[in-house]
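Colleague: In our numbering, the protein residues as written are 52 to 108.
Glycine included, each C-beta is placed from N, C-alpha and C at the ideal position.
Before I ask anything, let me first share the structure, which is written out below as structure tokens.
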Amino acid sequence: MKYDWKKQEKEWYGTNQKPRMIHMRKCCVLTLKGKGNSNDDAIFIKVNALFSVAYAI
């Protein structure tokens with residue numbers, strides 16, 4: 052079953068008119084780190100690899 056984070060994690064991702072403090076549970080994330088032109092082919096290759104890994108997980 053697909054996890055709908057917008058519905059399940061409203062406190063994290065919902066919009067609000069005023070700043071507020073939220074408490075987040077520990078979670079694991081996948082990230083890319085780099086600098087330079089975001090339209091560069093090297094970034095495109097890395098983003099595609101990231102999506103492939105994330106989808107497999």
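Could you tell me the alpha carbon to alpha carbon distance between L81 and K69, rounded to whole angstroms?
Modeller: Pairing L81 with K69, the inter-Cα distance amounts to about 29 angstroms.
Colleague: Curious, which full-length alpha helix (DSSP H) runs of at least 4 residues does the stretch 56 to 85 contain?
Modeller: With a minimum length of 4 residues, the continuous alpha helix (DSSP H) runs that stay inside the stretch 56 to 85 are 56 to 59, 61 to 64.
Colleague: If you drop the 5 nearest sequence neighbours on each side, which residues of the same chain put their C-beta closer than 6 angstroms to that of I73?
Modeller: E62
Colleague: Tell me the residue span of the alpha helix (DSSP H) that contains S103.
Modeller: Residues 92 to 107.
Colleague: Just to confirm my understanding: we take W56, look at its own chain, exclude 5 residues before and 5 after, and list those with CB closer than 7 angstroms. What are they?
Modeller: For W56, where only same-chain residues beyond five positions count, the Cβ hits under 7 angstroms are Y64.
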